[in-house]
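Enquirer: My questions will all concern the structure given below.
Structural data, given as structure tokens:
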């Protein structure tokens with residue numbers, strides 16, 4: 001067997017499903033350049049046929065397609081023995097559509113139009129995650145109240161954020177950016193400190209949107225913490241010693257930093273912890 | 287401006303002509319000095335670009351001939367030499383041969399534009415109906431940047447878009463005539479996807495409007511939005527055709543580099 005054939009057999013096999021030929025061509029061209037083996041389908045029926053015939057590592061899926069929509073395809077795949085990871089390529093889809101896609105075990109969302117760099121990053125991220133990682137569970141899928149149960153694994157942060165960003169596209173970019181930063185920081189803390197990066201432990205995330213505010217609540221599986229125990233975090237510093245935490249970090253052999261919680265507090269309007277500090281609520285007034 | 291451009295290299299001729307025309311100039315391109323001198327007998331030009339080294343009649347020989355004719359007629363055209371011999375001595379030599387300006391190869395469009403701007407301030411211009419540059423949200427470099435600089439891929443994508451879009455527009459028109467709201471939404475959605483790839487924001491906005499009207503079955507204003515969409519797409523198509531021409535006019539060696547630099551032939555001496 002020629003070496004090039006052997007190499008292509010080892011590379012992840014990706015199925016690109018979109019009814020737009022230009023999009024298929026672009027995605028295919030970019031992924032092939034990165035060495036992936038790529039097949040394409042122009043509608044849901046063709047994609048389903050291909051998935052049942054061949055084992056794909058990843059499927060990039062458009063939602064609106066003739067014959068069978070992306071959601072229809074997700075429905076047909078429920079209960080299949082081998083369910084490939086699925087990335088939904090979206091453009092202006094309604095919250096209901098997105099939530100239905102999320103219920104259909106979509107791995108991640110990618111907003112159209114995207115560039116080569118973000119496409120490659122999302123694909124790499126999806127392919128590098130262990131296939132046995134427990135899925136994201138959808139507990140509530142109403143546009144104004146989304147509730148998810150996510151495994152304590154780092155890649156989940158990008159995945160959840162790619163989805164929640166799509167629910168916030170009506171917000172001014174600076175608000176999105178600030179809330180996004182705060183959300184990432186708190187979810188990272190919950191997964192890392194609360195869940196010790198154990199994928200079998202879960203963080204419960206609630207997203208609640210009203211006319212006047214946006215609220216996130218995160219409930220991590222850990223025992224919580226006492227503020228005085230985290231002397232390495234800048235949020236603890238006395239007003240007259242804004243860098244006191246640096247000494248604590250040095251003593252513990254931690255890298256410079258520890259500004260996350262302090263910055264998070266400045267990005268949102270309210271940041272409230274429960275007594276044990278294993279649940280946190282952030283609020284941004286709109 | 288009315289520009290006469292002589293270069294024996296077809297790719298440079300095509301690319302430069304295209305870029306100058308896109309900047310609103312009128313360009314007459316020829317292959318050598320002899321053809322340039324003949325063209326000048328037929329037509330008046332505000333500026334003349336002559337490659338120094340061309341078969342049959344070189345740029346310098348053409349410049350001599352042009353200046354001799356001008357001495358008899360009492361006129362003076364703005365002569366620009368294009369040369370691969372980039373030393374200061376070469377430039378001074380070409381000025382002595384009768385050129386008003388010298389531009390070293392390879393050159394950027396910006397460099398040529400600067401010389402033409404200087405030329406236009408010194409000579410009375412022939413009135414040319416200026417063709418406005420077509421409006422587009424993104425330049426070729428932006429598009430290339432988004433797909434990792436692969437010119438071949440961009441060219442293929444553009445061809446596919448140019449092939450598929452007229453069919454979609456025709457289908458959209460039929461759906462409008464039938465008042466088929468679902469089909470309108472579906473076709474507008476598909477169009478929006480490919481328009482987004484080429485960063486055609488205005489066209490994308492119109493397609494989005496049309497898609498929403500279709501989804502809500504509110505077709506009152508749909509025909510007007512369709513007309514605006516069609517107009518925006520026509521502008522985009524015109525630009526994309528130019529991009530394909532530009533990509534294909536460039537030598538193979540530069541094909542994978544996302545740059546707008548115009549390359550000249552190698553120094554011959």
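Protein chains in written order, with the numbering used here: chain E, 1 to 286; chain D, 287 to 555. Ideal Cβ placement from N, Cα and C applies to all residues, glycine included. Please read these numbers as outputs of a predicted model, since none were measured by experiment.
What does residue 432 of chain D reach in chain A if we use C-beta pairs closer than 7 Å?
Expert: Chain labels in this structure do not include chain A; the protein chains are E and D.
Enquirer: Does residue 488 of chain D get closer than 8 Å to chain E when you measure Cβ to Cβ?
Expert: No, its Cβ sits nowhere closer than 8 Å to a Cβ of chain E.
Enquirer: Helix, strand or coil for residue 416 of chain D per DSSP?
Expert: For residue 416 of chain D, the predicted model reports a pLDDT of 39, less than 50, meaning its position is unreliable; a value from the coordinates is still stated below. Coil, per DSSP.
Enquirer: By how many angstroms is the C-alpha of residue 428 of chain D removed from the C-alpha of residue 407 of chain D?
Expert: Taking the straight line from one Cα to the other gives about 32 Å.
Enquirer: Any Cβ of chain E within less than 8 Å of the Cβ of residue 502 of chain D?
Expert: No, residue 502 of chain D does not count as interfacial toward chain E.
Enquirer: Just checking: is the beta-carbon of residue 496 of chain D within a distance shorter than 8 Å of some beta-carbon in chain E?
Expert: So, not an interface residue.
Enquirer: Can you round the beta-carbon distance between residue 42 of chain E and residue 478 of chain D to whole angstroms, since I take them to be within the 8 Å contact cut?
Expert: At roughly 17 Å, the Cβ-Cβ gap does not stay under 8 Å, so residue 42 of chain E and residue 478 of chain D are not in contact.
Enquirer: When you compare only the Cα positions, how much space is there between residue 301 of chain D and residue 336 of chain D?
Expert: Residue 301 of chain D and residue 336 of chain D: Cα-Cα distance of roughly 15 Å.
Enquirer: According to DSSP, is residue 334 of chain D helix, strand or coil?
Expert: In this structure, residue 334 of chain D counts as strand in the three-state DSSP scheme.
Enquirer: Look up residue 536 of chain D in the DSSP assignment and say whether it is helix, strand or coil.
Expert: DSSP places residue 536 of chain D in coil when its eight states are reduced to three.
Enquirer: Can the beta-carbon of residue 162 of chain E be found less than 8 Å from the beta-carbon of residue 108 of chain E?
Expert: Yes; because the gap between Cβ atoms is below 8 Å, this pair is in contact.
Enquirer: Identify which residue in D:536, D:387, D:289 has its Cα closest to the Cα of residue 312 of chain D.
Expert: If we check each option's Cα against that of residue 312 of chain D, D:289 comes out closest.
Enquirer: Chain D beta carbons: is any one of them nearer than 8 Å to that of residue 140 of chain E?
Expert: It does not; no Cβ of chain D falls within 8 Å.
Enquirer: Do residue 293 of chain D and residue 368 of chain D have their C-beta atoms closer together than 8 Å?
Expert: In contact: residue 293 of chain D and residue 368 of chain D (Cβ atoms closer than 8 Å).
Enquirer: Output the distance between the C-alpha atoms of residue 15 of chain E and residue 528 of chain D, rounded to the nearest integer angstrom.
Expert: Each residue's alpha carbon lies about 32 Å from the other.
Enquirer: Tell me, please, whether the CB atom of residue 442 of chain D is closer than 8 Å to any CB atom in chain E?
Expert: Residue 442 of chain D counts as touching chain E.
Enquirer: To the nearest angstrom, how far is the alpha carbon of residue 158 of chain E from that of residue 525 of chain D?
Expert: Rounded to whole angstroms, residue 158 of chain E to residue 525 of chain D spans 36 Å at the Cα level.
Enquirer: Consult DSSP for residue 443 of chain D and reduce its assignment to one of helix, strand or coil.
Expert: In the structure shown, residue 443 of chain D sits in a helix (DSSP, three-state: H, G or I).
Enquirer: Expressed to the nearest angstrom, what Euclidean distance is found between the alpha-carbon atoms of residue 191 of chain E and residue 173 of chain E?
Expert: Going by the C-alpha atoms only, they are around 26 Å apart.
Enquirer: For the segment 6 to 30 of chain E, which residues have a beta carbon sitting closer than 8 Å to at least one beta carbon of chain D?
Expert: Flagged, chain order: 18, 19, 20, 21, 22, 23, 25, 26, 29, 30.
Enquirer: Ignoring anything shorter than 3 residues, give me the beta strand (DSSP E) runs that lie fully in the segment 112 to 151 of chain E, in order along the chain.
Expert: Correct list: 137 to 142, 145 to 151.
Enquirer: Considering only DSSP beta bridges, list what residue 206 of chain E is partnered with.
Expert: Answer by DSSP bridge pairing, in chain order: E:147, E:217.
Enquirer: Using a Cβ cut-off of 7 Å, pull out every chain E residue sitting near residue 447 of chain D, in sequence order please.
Expert: Chain E residues near residue 447 of chain D: 22.
Enquirer: Using the C-alpha atoms, what's the distance from residue 184 of chain E back to residue 76 of chain E?
Expert: Rounded to the nearest angstrom, the two C-alpha atoms are 33 Å apart.
Enquirer: My understanding is that residue 187 of chain E touches residue 203 of chain E, with C-beta atoms under 8 Å, so please give their C-beta distance in whole angstroms.
Expert: Confirmed, about 7 Å.
Enquirer: So residue 488 of chain D is in the beta strand (DSSP E); what residue range does that whole segment cover?
Expert: Segment 487 to 501 is the alpha helix (DSSP H) holding residue 488 of chain D; no beta strand (DSSP E) there.
Enquirer: With a 10 Å radius around its C-beta and 16 neighbouring C-beta atoms as the bar for buried, classify residue 495 of chain D as buried or exposed.
Expert: Under this definition residue 495 of chain D is a buried residue.
Enquirer: Can you list, in chain order, the residues of its chain whose CB lies under 7 Å from that of residue 490 of chain D, leaving out five sequence neighbours each side?
Expert: 478, 481, 482, listed in sequence order.
Enquirer: Would you please verify whether the beta carbon of residue 476 of chain D is less than 8 Å from any beta carbon of chain E?
Expert: Chain E, which has a Cβ nearer than 8 Å to the Cβ of residue 476 of chain D, makes this yes.
Enquirer: Kindly indicate which residue of E:205, E:225, E:164 has the alpha-carbon position closest to the one of residue 219 of chain E.
Expert: Nearest C-alpha to residue 219 of chain E: E:205.
Enquirer: Kindly list, in the order they appear in chain E, the residues whose Cβ is closer than 8 Å to that of residue 427 of chain D.
Expert: Here the premise fails: no neighbours, minimum Cβ distance about 13 Å.
Enquirer: Could you compute how far the alpha carbon of residue 288 of chain E sits from the alpha carbon of residue 230 of chain E?
Expert: The displayed coordinates of chain E run from 1 to 286. Any statement about residue 288 of chain E would go beyond what the structure contains.
Enquirer: DSSP has residue 368 of chain D in a bridge; who is on the other side?
Expert: Answer by DSSP bridge pairing, in chain order: D:337, D:389.
Enquirer: Give every residue of the same chain whose Cβ lies closer than 7 Å to the Cβ of residue 415 of chain D, excluding the five residues on either side of it in the sequence, and list them in chain order.
Expert: Unreliable positioning characterises residue 415 of chain D in this predicted model, as indicated by a pLDDT of 39, which lies under 50. The coordinate reading is nonetheless provided below. Same-chain partners within the cutoff: there are none.
Enquirer: I'd like the span of the beta strand (DSSP E) that includes residue 268 of chain E, first residue to last.
Expert: Note, residue 268 of chain E: premise wrong, no beta strand (DSSP E); not H, not E.
Enquirer: Does the CB of residue 439 of chain D have a neighbour CB from chain E at under 8 Å?
Expert: Yes, because at least one Cβ of chain E sits closer than 8 Å to the Cβ of residue 439 of chain D.
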